[in-house]
Structures are given as C-alpha cells and as structure tokens.
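Chemist:
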Amino acid sequence: MAARIPASPQPAADLPALREQMRAERDQITAVFRENLRPDAFLGSLRRLVDRVLGQLLTIHPLPAGAALAAVGGYGRGELYPYSDVDILILLPHPAQAEEEAAISDLLTAMWDLGLEPGHSVRTIEDCLAEAAADITVETALLEARWLAGSRSLMRQFSQRMRERMNPAAFIRTKKLEMQQRHTRYENTPYALEPNCKESPGGLRDLQVILWMARAAGLGRTWKQVADAGLLTSQEARQLRRAEQAFKRLRIELHLLAGRREDRVLFEHQPALAEAYGIEGAHGRRASEMLMQRYYWAAKLVTQLNNILVQNIEERMLGEEAGAPIDIDDDFVNRHGKLDIRLDDAFERKPALLLKAFLVMQQHAELSGMSVRTVRAIWHARRRIDAQFRANPVNRHMFLAILQQPRGIVHELRRMNDLGVLPAYLPPFRRIVGQMQHDLFHVYTVDQHTLMVVRNLRRFTMDEHAHEYPLCSDLIANFDRHWLLYLAALFHDIAKGRGGDHSRLGAIEVRRFARTHQLDKGDAQLVEFLVREHLLLSSVAQKQDLSDPQVIRAFAERVGTERHLTALYLLTVADIRGTSPKVWNSWKGKLLEDLYRKTLDALGGGVAPNATTLLALRKQEAASLLRLAGLRDDARDTLWRELDVGYFLRNDASDIAWHTRHLYNKVRSETPVVRARAIEGESLQFAIYAKNTPALFTQLCAWFESRRLGILDARIHTTRHGYALDSFVVLSPSGAGELRTIVSVLEHELADYLRQTGPAQSTPPANLGRASRRSRQFPVTPAIELHPDESGKSWILSLSATDRAGLLHAIARIFGEHGVTVSSAKVMTLGERVEDVFVLDGGSGTLGDSRSQLRFERELLDTLRT
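For the sequence shown, the residue numbers in my numbering are 517 to 1382.
1. Quick check on HIS1233: does DSSP put it in helix, strand or coil?
2. Considering GLU1384, what are the terminal residues of the beta strand (DSSP E) in which it resides?
3. Looking at the structure shown, is ILE901 part of a helix, part of a strand, or coil, going by DSSP?
4. Given this structure, state the Cα-to-Cα distance separating ILE992 from TYR1085, to the nearest angstrom.
5. Should ALA862 go down as buried or exposed, given a rule of 16 or more other Cβ atoms within 10 Å for buried?
6. Measure the C-alpha to C-alpha separation of ALA1138 and GLY1120 and round it to an integer number of angstroms.
7. Taking the beta strand (DSSP E) that LEU973 belongs to, which residues open and close that run?
8. According to DSSP, ALA1244 sits in a beta bridge with which residue or residues?
9. Which whole-angstrom value describes the C-beta separation of LEU1142 and ARG1157, a residue pair presumed to lie in contact below a C-beta threshold of 8 angstroms?
10. My guess is that LEU720 and GLN820 are in contact by the Cβ rule of under 8 angstroms, so how many angstroms apart are they, rounded?
11. Taking Cβ positions, are VAL970 and TYR1002 nearer each other than 7 angstroms?
12. Of the choices SER1222, ILE1172, ARG946, PHE1213, whose alpha-carbon is the least far from that of ALA1011?
13. Can you grab the Cα-Cα spacing for the pair ALA583 / VAL888, in whole Å?
14. Just the C-alpha distance for ARG563 and ARG900, rounded to the nearest angstrom, thanks.
15. Quick one: grab the DSSP three-state call for GLU864.
16. Given 6 angstroms as the limit, tell me if LEU585 has its C-beta closer than that to any heavy atom belonging to the ligand MN.
17. PRO527 to THR656, Cα distance in whole Å?
18. Report yes if the C-beta distance between ASP779 and ASN683 is below 7 angstroms; otherwise report no.
19. If we ignore side chains and look at the alpha-carbon of each, how far apart do LEU1225 and LEU1247 end up?
20. To the nearest angstrom, report how far apart TYR597 and GLN572 are at their CA atoms.
21. Can you give me the start and stop residues for the beta strand (DSSP E) that ASP856 sits inside?
22. Consult DSSP for SER716 and reduce its assignment to one of helix, strand or coil.
23. Consult DSSP for ILE652 and reduce its assignment to one of helix, strand or coil.
24. Measure the beta-carbon distance from ALA792 to GLU769 and round it to whole angstroms, keeping in mind my assumption that it falls under 8 angstroms.
25. Which of the three DSSP states, helix, strand or coil, is assigned to VAL1189?
26. Once DSSP output is grouped into helix, strand and coil, what is the label at GLY885?
27. Classify ASP530 as helix, strand or coil using the three-state DSSP reduction.
28. Tell me whether PRO634 sits in a helix, a strand or coil according to DSSP, three-state version.
29. Mapping DSSP to helix, strand and coil, what is GLY1022?
30. Return yes when the Cβ of HIS1008 is within less than 7 angstroms of the Cβ of PHE1045, no when it is not.
31. Could you check where the alpha helix (DSSP H) with SER1055 kicks off and where it finishes?
32. Since PRO1304 contacts LEU1380 with CB under 8 angstroms, what's their CB separation in whole angstroms?
33. Any idea if LEU632 is buried or exposed, counting beta-carbon neighbours within 10 angstroms, 16 or more meaning buried?
34. How about GLN809 and GLY1016: do their beta carbons lie closer than 7 angstroms?
35. Pairing CB atoms from the stretch 1331-1343 with CB atoms from the stretch 1205-1215, are three or more of them under 8 angstroms?
36. For ALA650, is the classification buried or exposed, using 16 other Cβ atoms within 10 angstroms of its Cβ as the cut-off for buried?
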C-alpha cells in the first residue's frame, strides 16, 4: 500500500522538532510520488506541507500587527518543487518600523533554520504597485499571490489594487518581449544538448507564459478553460496538459537526483534520469539518447503550440488592422502579411498543399509568416503525408522546387521540420529529429546540425556574407545547381544513430531518393558521392601529410573530377562550421584550402607532380621570394646546403623563405634562435633553430603548455650538421588585436627558456589537467595505431583520446624516455577529442624490437587513460 501522509502535523514544541517533523513528512511525500508518479499531487503535497509549517512557525515568530503573509510565484500558484525557494511576500499596511523589521528578520532566520530557503520581499501595497509597474517579472509573481496568514482585509485590498492596475494588452506585449529575450539567452532552440527544462524554449516557462497571457486576457486559467475560449482545440489542450505533466515530472526528478535546485538536464544526469524512467538502450542507442529524444519531441510540441496560442491571444486582445485579404491563388490568400488558407479543410481536401504552402512562402517576399489557422491546419494534417503522398510525382516535383528557390530555403526547411512536414516527407529524417550526438564536438541534435549545414551553404551564396569565406563564396558562384549541395546536406547525417557507417548508409538513402525523384545520372552520382565521402576531405587534410605528392594523387583519384572536389570542399566547410564553434579554427580552414588547391592542380594537370619536380618548383619559388627580400643566392645556400629533401617537401615556399631570411647568417649559432609570426587570424607560427637534443621536442611541448598555447601542427627537422629546425603552429590565447605584442614577448621568452634549459635530458613532469565535465560523460576510448610507413624508414603513430591540458607534453615525455624522435606531427582537436598523427624515427632500439614497442604502446595507452 502507498504510504499515507498525515492530514496535518502535530504541533512542534521548538524549531528542531518542527524541522525533523517536516523532514519525515517530505520523505513520505516523496515515497508516495515514487509509487504513483503524479507530479501535481507531489507538488501540491509539498506546498500544503510548507503552508502548515509556516502556520506553526508563525506561532513562534508572529507577523507584525496588521501584516499579511502571501505565497507568490510558483509557490503562490500552488506548486513547490523539492528544492525550490519558498517565495513569500510580507505585506505591510505601512513602512516597517525597527521593531517590525526585527520580527520579520527573526521569521526569515527561522525559515532558514528549518531548511526552507525563502525568496522574500517585504512591501506595502504602494511598493508592490510601483515595482510591478517597473518589472514584468515582479508583476507576474504578484499576480499569483495567495494568502497564507495575517490580515485578510489587507490581502483583499492588495488583490483589488493589482487587478485595477492591470493593462491586459500591455501585459501581453511585455510578456511576449520577455519571452523572446529569454529564448535568445537560450539560443532560440529547444534542441540544446543540455537544456534547461524550465527556462529553455519549449520548456515549463513557455507553458506558464501561455496561461499568464490567457489569464490577463480573461480567457481562462486552465488548459480546459483556454480551449473553451476557442484558443485551443480539445486535442491540443490534452497535448499541452500531457507535456506539462512530463516537464513537471522531469524537473522533480532533477531536483531529487541532484539533491538541490537543478533545472538543467546535464549530461551527468541523463543516464540516471533514463534509469528512473525505466528506459533501456536498444539498437545501438543509449538509454539517455532515447530519453532526450522524447524530451525534444515534447519541447517541439510546446514550441509549436506556444506560437499558435500567443498569436491567437494577440489577435484576440490586440486586434488587427482592417482590410480585405489579397488573393494569391485558388487556395491561399495574403491576410495582413500572413499566408492564410481560404478553407479550413484545405489541406484535407488537397494534401499536396502541405508542400505548396512552403513554396508559396518562398515565392512571396511580402509574406512575413503563416497565419495561426494555416499553421494549425498543417500541424493537424501532417499525417496525410503517407507513402501514397510521397509517391505522387507532383509532390516530388514540389519538394525539389522548394530546394531550388532563390530565397527562403533555410527558413522554410526549418518551418517544415518544426511542423512535422519534413520528417513526414523524408521518413529517414524523422529518425534524426531530436537525435543526440554523443560525442565531444557536436553541440546540436542531428536534425538541427543538418539544417545548420544547409544554412552555412546558403550563406556562401549571399553577398553580405562573402567576407566570411571568400573562397567558398567564389566557388559557389561558379557552381551550377546549388540545390544539389542542399540535398546532400540534408542526407549527409541522415543515418546517424543506426549503428554502422552512417556515411555509407546515408549514401544508400540518397541514392534511393535520387532514383524516386528522377534526378539526372550525373546529379545523382554527385549527391551520392558527397554523402558517402563527406568526411574524406577533412580526414585527409587534418591527418595526412599534404606535402606528400602520393597523398594528393590518391585523394585526387578518389575525388575524380573538379566538380566533385569543389562540391566536397563546400560541404566540408559548411559541415565543420555547423558542428560547434569550438571545432572550427583558421588553421583547419587553411589545411582544407591547401588540400583543395593542391588537388585542383593535380586534377587540372592530370597527374600530381612527383617529388623531384615538386622539390625543384618549391626551391625555385622560395628563391624568388628571397630575391624580392634582397637576399643573395650565396647567402641563401649557406643554410640550404644543411637541409635535406624532406625539409623542402614538407614546407611551402613562403615558410622556406621565412626560415631562410632569419637563419642564413646563424647557421652555426651557439644559442637558440626563435622567430614567430601571426598567421591565419588567431594562430601563431614558431620557428625554433637550436642544437638538436633528444629532449628538445619534450621541452618545447612543456613550454607551449606552460603558456597555454595549443599546438596544432609540428614539423621537426634535423639538419646535416646536427641542428634542429622545428616549426610549430599554435593557437594564440589572445585576440588578433594583440598578436604583435604577443609575438615579440613569446619569441624572447622561448629563447630564454631554451638557453636556460640547455641540453638536459629531463623536463618537469607534465601537468595533466582534469577532463572536462562533458568529456567525463562521453569519454573517448583511447586508441593507438603504430605501423611502418611505405618506405620502411619511419613509423606512423595515430592516437585518439579525450583532450586535456598537458596531454601532448606527457606524450612527448614518453617519446623521449624511449629514445623515439618526432619528424612531424599533426595535432587535430575536435571539441574535446584529439586525433593526433606523428611520424616517428625510433631506429632499431624501440620501434624495431617487438618487446620494446609493446612497452612503448602500453605506456602511451596508460597516459591517454589517466
């Protein structure tokens, strides 16, 4: 049987007894909730308990004479969450005197002693009216005031004055503005991976806003009353009621799980929440993913109905300008700048209008949106999009037409997704709506990321955004049939969450789409290629040596044509930019552009140049740059004679010229030479020239770590006479405006550090930082792969792990301890995941011996797991 809650507690003799009594009853209330899972009953029971406890507390610490105690905010509404503040108003008939202030202070202190955190205000009626006029949040909280104790007449007077000052139209306008500001704080999306179930768009607060507006307009206080007033259908009212109960339960569970006030659905709470809901993982998906997908569907419903209701209330209360509707066609009219249907059952009569409505929005720039009637009709008719609808050639043509319009593509695709039309027309898309991406670099659900990629592609076509990615804007301007890129973007992640290779599975889906929609053979091949290979360009650019002609040749053969290459480049940039602000940086952009240009040259010439030709071209270009800088050939050759072929192949002409200008007269310098320059916005490039020692790479990693400079790329070279010429690209810790100062200071600091450290074999231990909160929830399983390169002279080490401060320094120490030297390194950071590639020379001591190699690999793995 369920535990029974006493109707009223026995009087407590003192505060400790009252506190213990309250704790025991809270435990009983929680036990009952665990049995019946009824949120309203739980919240009401907690509210009644606190009401009774406050009543007893007032027998110990009474109110000032003539005062009233009222519950406000959520507590006034009759809801009290386990760890929410107890919001109260102490209403005074006149400004408080010293004795009254002391009595109020004693009451509030006693509440704290009981474990009730008061959110309190002490005001006269005039104070309340003044603050309500200045702050809509205060006005809203006071509107829900509920008498608890003290003077009833003062409370009645307060309620009457509040009603008299209420201006419904002004309240609704201000409340809508407040809601818009709150949505902006939460990035205007209900699809955050760690949403706030109370404040995020589509959360509890949006439901409360609807009822506050309806109440101010005199249209009801409950969902049933709002439906009876004609603002909602009975079905919509039931849907909102269910969503409200779901969000209330979620907030209760969060409080109980955290043991404190917590409204954020944090990653660390999601697995425990899924367990509390009895959700189990299936088909390769985590239980927490399935929990969050349910959350997003509920938030999407609330967001949609919220838009309908707010617009309905505005039209009812604020009125609209007179004027006859303007005809658009036989089915649609322009009514006050909104797309409206002529007949209520238009979509039931002609289901094809479910797509045409969005096409009309694109074709009529004078339309600012859809009317409530149109939105509601689409929402309820979306289930008419079935297999027969999708097989209709007219509808297939209409869908392609939406992608081919010159304007409104992103807006309408988003609207189609919000209204359930896009996932209904593309059934595979439905599976990614609200689908979380459990990794360390995506910050959007799969469907929102997909639409963000389409948005990024569209921005390449717009003049006002041409300064952001000039090359992309130039390329897309000469790329015909842009809509093929948008189609590829829609499908590139459509198979996420199924298990297996989502690129290959997505290619199957888009091939089927191309066949049913009768795309030309070349267009079909292009979109299938883009979906199947959408990760290729990024992977090659960030993991392989772009100075190797064989790498470029192999990539060019896989891409095949210039059109495929250009499309893949555009999609890749848009994809990375749509992943997370943390993932993109200018260095990654440079790598992608370098690979694009080198592959374009290879495709244009038919064959990529071989190493001998590339070496000659590289030296010739660098020599020309040095002559322009006024450097004689014989001065240049002093340094170049000490450099091997590998140096010239792994550095471009501008880098070679830069190194030469600063080192030609310091070839046998006894002290380290350090030069740095700003490149690609926030990045810095360092050139370090010093006598080579086994510990040098470790020392450099330690120094960069100490300055919080993240290493993006490292190229390590040893000259014929035993000097190291090392090049590092790092992320600057400061803004671009301070780069000149940073460059000058860091050059001197690093040179001094190397002089003081000398050829020592050891450096201070790496200071490994803690993994971030997010990475602790989604740890990357450490992995390493070590194998000889094709020449058999070097070894390729690839590793992946969760990123932390000091990780590269720790790895470098292991290299040094095992006598392994680094000839080049590529450090790729994707959010909080690292994927690094090193070219190593370990001679026969470590990498050439199976036992030594095993110890080396084991130590690396242990470090990555630490």
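Cβ atoms here follow ideal geometry from the backbone N, Cα and C, with glycine treated the same way.
Modeler: Quick answer:
1. The residue you call residue 1233 lines up with position 717 of the sequence shown. In this structure, DSSP gives HIS1233 an extended state, which the three-state scheme calls strand.
2. This structure gives no information on residue 1384, because the portion of the chain shown stretches from 517 to 1382.
3. Locating residue 901 in the sequence shown gives position 385, counting from the first residue. DSSP places ILE901 in coil when its eight states are reduced to three.
4. Counting from 1 along the sequence shown, the entry for residue 992 is found at position 476. Counting from 1 along the sequence shown, the entry for residue 1085 is found at position 569. Straight-line measurement puts the Cα of TYR1085 at about 10 angstroms from the Cα of ILE992.
5. As a position in the sequence shown, residue 862 is number 346, starting the count at 1. Residue environment analysis places ALA862 among the buried positions, since at least 16 neighbouring C-beta atoms fall within 10 angstroms of its C-beta.
6. Counted from its first residue, the sequence shown places residue 1138 at position 622. Counted from its first residue, the sequence shown places residue 1120 at position 604. Within the model, the alpha-carbon separation for ALA1138 versus GLY1120 is close to 23 angstroms.
7. For this step, residue 973 is matched to residue 457 along the sequence shown. Per DSSP, LEU973 belongs to no beta strand (DSSP E); it is in the alpha helix (DSSP H), 962-976.
8. Against the sequence shown, residue 1244 aligns to sequence position 728. Inspection of the sequence shows that residue 1244 is occupied by Phe rather than by Ala. According to DSSP, PHE1244 bridges with PHE1202, ALA1230.
9. If you number the sequence shown from 1, residue 1142 lands on position 626. If you number the sequence shown from 1, residue 1157 lands on position 641. Separation of the CB atoms of LEU1142 and ARG1157 is rounded to 15 angstroms, and the pair is thereby denied contact status at 8 angstroms.
10. The sequence position of residue 720 within the sequence shown is 204, counting from 1. The sequence position of residue 820 within the sequence shown is 304, counting from 1. Actually they are not in contact, since the Cβ atoms of LEU720 and GLN820 sit about 16 angstroms apart, beyond 8 angstroms.
11. Locating residue 970 in the sequence shown gives position 454, where the first residue counts as 1. Locating residue 1002 in the sequence shown gives position 486, where the first residue counts as 1. In this structure, TYR1002 lies closer than 7 angstroms to VAL970 by Cβ.
12. Start at 1 with the first residue of the sequence shown, and residue 1011 comes out as number 495. The option with the nearest alpha carbon to ALA1011 is ARG946.
13. Counted from its first residue, the sequence shown places residue 583 at position 67. Counted from its first residue, the sequence shown places residue 888 at position 372. When rounded, the distance between both Cα atoms is 47 angstroms.
14. Along the sequence shown, read from residue 1 onward, the residue named residue 563 stands at position 47. Along the sequence shown, read from residue 1 onward, the residue named residue 900 stands at position 384. Approximately 45 angstroms between the Cα atoms of the pair.
15. As a working mapping, residue 864 is identified with position 348 in the sequence shown. Helix.
16. The ligand MN is not part of the structure shown, which contains no ligands of any sort.
17. Here residue 527 refers to the residue found at position 11 of the sequence shown. Here residue 656 refers to the residue found at position 140 of the sequence shown. Here the model assigns PRO527 a pLDDT of 44, short of 50, so the residue's position is not dependable, and the following value carries that caveat. C-alpha separation (whole angstroms): 34 angstroms.
18. Within the sequence shown, numbered from 1, the residue matching residue 779 stands at position 263. Within the sequence shown, numbered from 1, the residue matching residue 683 stands at position 167. No.
19. By one-based count along the sequence shown, residue 1225 stands at place 709. By one-based count along the sequence shown, residue 1247 stands at place 731. Between LEU1225 and LEU1247, the C-alpha separation is close to 6 angstroms.
20. Within the sequence shown, numbered from 1, the residue matching residue 597 stands at position 81. Within the sequence shown, numbered from 1, the residue matching residue 572 stands at position 56. Within the model, the alpha-carbon separation for TYR597 versus GLN572 is close to 21 angstroms.
21. Your numbering for residue 856 matches position 340 in the sequence shown. The continuous beta strand (DSSP E) containing ASP856 extends over residues 854-857.
22. Walking along the sequence shown from the start, residue 716 turns up at place 200. It is coil, neither helix nor strand.
23. As a working mapping, residue 652 is identified with position 136 in the sequence shown. Reduced to three states, the DSSP call for ILE652 is helix.
24. As a position in the sequence shown, residue 792 is number 276, starting the count at 1. As a position in the sequence shown, residue 769 is number 253, starting the count at 1. About 5 angstroms separates the two Cβ atoms, so the contact holds.
25. What you label residue 1189 is simply residue 673 of the sequence shown in a count that begins at 1. It is a strand residue.
26. Locating residue 885 in the sequence shown gives position 369, where the first residue counts as 1. In this structure, GLY885 counts as strand in the three-state DSSP scheme.
27. Residue mapping note: residue 530 aligns to position 14 of the sequence shown, counting from 1. In this structure, ASP530 counts as coil in the three-state DSSP scheme.
28. Position 118 of the sequence shown, counting from 1, holds the residue named residue 634. In the structure shown, PRO634 falls within a strand segment according to DSSP collapsed to helix, strand and coil.
29. The residue you call residue 1022 lines up with position 506 of the sequence shown. Correct three-state label for GLY1022: helix.
30. Residue 1045 sits at position 529 when you count from the first residue of the sequence shown. Residue 1008 sits at position 492 when you count from the first residue of the sequence shown. No.
31. The residue labelled residue 1055 in the question sits at position 539 within the sequence shown. Looking at the DSSP string, the run of the alpha helix (DSSP H) that includes SER1055 is 1052-1059.
32. What you label residue 1304 is simply residue 788 of the sequence shown in a count that begins at 1. What you label residue 1380 is simply residue 864 of the sequence shown in a count that begins at 1. PRO1304 to LEU1380, Cβ: 22 angstroms. No contact.
33. Locating residue 632 in the sequence shown gives position 116, counting from the first residue. Flag for LEU632 reads buried.
34. Taking the first residue of the sequence shown as 1, we reach residue 809 at position 293. Taking the first residue of the sequence shown as 1, we reach residue 1016 at position 500. Contact: no.
35. Judged by Cβ distances under 8 angstroms, the stretch 1331-1343 makes contact with the stretch 1205-1215, as three or more pairs qualify.
36. Against the sequence shown, residue 650 aligns to sequence position 134. By the neighbour-count rule (16 or more Cβ atoms within 10 Å), ALA650 is not buried but exposed.
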